[in-house]
Amino acid sequence: MQVPLSEGLIYSMEMIVFIEIVVYVVSFIFAGIVPLLLPGSRFETGVLRFMLIFSNLGFMGYPVAYSMFGEASVFYVTLVNLPFGFLVFTVGVFLLRPDLARQPDIKRIVTPGLIASILGLVLLGTGLTIHHLSMNQSRSLVQ
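Our numbering applies: residue 49 is where the sequence shown begins, and numbers increase by one.
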């Protein structure tokens, strides 16, 4: 999230957010209909809905994007992962544990990943940067 804002970047971000909204709306609709056609308990239905909505885009998404499109693509992959991280740790928790929906636990929702994502957006929006150390500078600090 430590990239300078420009008109082109803002336009790209808007397009990515729009596409993500469409993808999640379609996924939620699909996940609402498909389990109705299959037998299963409340917990099994929640797992099926979770699988239909959330992919495993973070594990291999970053290295594949980096190797195919370069360092700049990691920003866009991160941008795609923001709503994923928020939704998987809020809605996803309740899909997998429907018993928690009656008494939500804030500790299960507010995670380090969610906090880091919000801080990253704040840094991006404000233009603030975090000083970055090269590997050589890091080693000299440790020694």
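Even for Gly, the Cβ is constructed at its ideal location relative to N, Cα and C. All values reported here derive from a predicted model rather than from experimental measurement.
- Val136 counts as buried, since at least 16 other C-beta atoms from the protein chains shown sit within 10 angstroms of its C-beta.
- Shortest Cα-Cα distance from Pro83 to any of Leu100, Val71, Ile67 and Val70 involves Leu100.
- The count of Cβ pairs closer than 8 Å, one atom from the stretch 123-130 and one from the stretch 92-111, reaches three, so the stretches are in contact.
- Secondary structure note for Gly168: its alpha helix (DSSP H) is the uninterrupted segment Pro160 to Thr174.
- Rounded to the nearest whole angstrom, the C-alpha separation of Ile157 and Pro52 is 30 Å.
- Bounds of the alpha helix (DSSP H) holding Leu130 are Ala120 to Val136.
- For the options Met63, Ile81, Ser75 and Ile166, the alpha carbon positioned closest to that of Val139 is the one of Ser75.
- In this structure, DSSP gives Leu86 a state outside helix and strand, which the three-state scheme calls coil.
- Rounded to whole angstroms, Val95 and Phe123 show a C-alpha spacing of 30 Å.
- Residue environment: Leu167 is assigned as exposed (fewer than 16 neighbouring CB atoms within 10 Å of its CB, all protein chains considered).
- Straight-line measurement puts the Cα of Phe142 at about 15 Å from the Cα of Thr159.
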